[in-house]
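Report on the following structure.
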Amino acid sequence: PTQQGAQKRHIWGYHLIVEFWEAPFDILAKAQIVENILKNSLNGNTSDKKYSDKEIKTISYQFQPFGVSAHAQLNSDCSCVYIYIHTWPESGYAAIDIITNNKEDAYKILKRLQEAFSPKYVCVAEVVRGVVKEEWGET
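Its first residue numbered 18, the sequence shown is counted upward by one per residue in our numbering.
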């Protein structure tokens, strides 16, 4: 069903809002591990590397005594991806945002993250991002 007064829009991206529960403490606790997982999720895996280090940028912050906030960004000619993660290892919890210009890529990245972090439970909300122009009218 269409929301009353909803505007037509041009879709430019997909945003997956993800929660992982009961993931292993040792994986969630260290910034370098989390950062490597984010890089690998963008490339598939290290043996199937598609993008150069110039195309993938990462940054992370190591909380004390444990916990991580990290960001990975892919900018290539054909793809633009942003991943943000915040971990609470003591609770086995991670909050993740995956933003892509392609829905299929977003779910491939999510699958790789699930394989790497091994959560027992996963919750995903999908938000379609776009631009509205008044001249396009209502749906």
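A virtual CB, placed ideally from N, CA and C, is assigned to each residue, including glycine.
Cβ-Cβ separation, residue j to residue i (assumed contact under 8 Å), whole Å
{"i": "ALA46", "j": "PHE83", "result": "4 Å"}
{"i": "PHE37", "j": "PRO106", "result": "The pair is not a contact, with the Cβ atoms about 11 Å apart (cut-off 8 Å)."}
Three-state secondary structure assigned by DSSP to residue i
{"i": "ASN53", "result": "helix"}
{"i": "GLU36", "result": "strand"}
{"i": "GLU132", "result": "helix"}
{"i": "ASP70", "result": "coil"}
{"i": "ASN92", "result": "strand"}
Cβ neighbour criterion (16 or more within 10 Å) applied to residue i
{"i": "VAL35", "result": "buried"}
{"i": "ASN92", "result": "exposed"}
{"i": "SER58", "result": "buried"}
{"i": "VAL54", "result": "A quick correction: the sequence has Ile, not Val, at residue 54. Result: buried."}
{"i": "ILE28", "result": "exposed"}
{"i": "LYS71", "result": "exposed"}
Sequence-distant residues of its chain with Cβ nearer than 8 Å to residue i (five each side left out)
{"i": "ASN119", "result": "TYR31 and SER96"}
Cβ-Cβ distance between residue i and residue j below 9 Å
{"i": "TYR78", "j": "SER86", "result": "yes"}
{"i": "ILE73", "j": "ALA133", "result": "no"}
{"i": "ALA40", "j": "GLY109", "result": "yes"}
{"i": "THR117", "j": "VAL51", "result": "no"}
Neighbourhood of residue i by C-beta distance below 7 Å, restricted to the same chain and skipping five residues each side
{"i": "TYR68", "result": "LEU59, ASN60, LEU91 and SER93"}
{"i": "GLU143", "result": "TYR31 and LEU33"}
{"i": "TYR138", "result": "TRP38 and GLU39"}
Contact set for residue i: own chain, Cβ-Cβ below 6 Å, skip 5 residues either direction
{"i": "CYS140", "result": "GLU36"}
{"i": "HIS88", "result": "ILE76 and TYR101"}
Neighbour flag for residue i against chain D, beta carbons, 9 Å
{"i": "LYS67", "result": "The chain labelled as chain D is not found in the depicted structure, where only one protein chain is given."}
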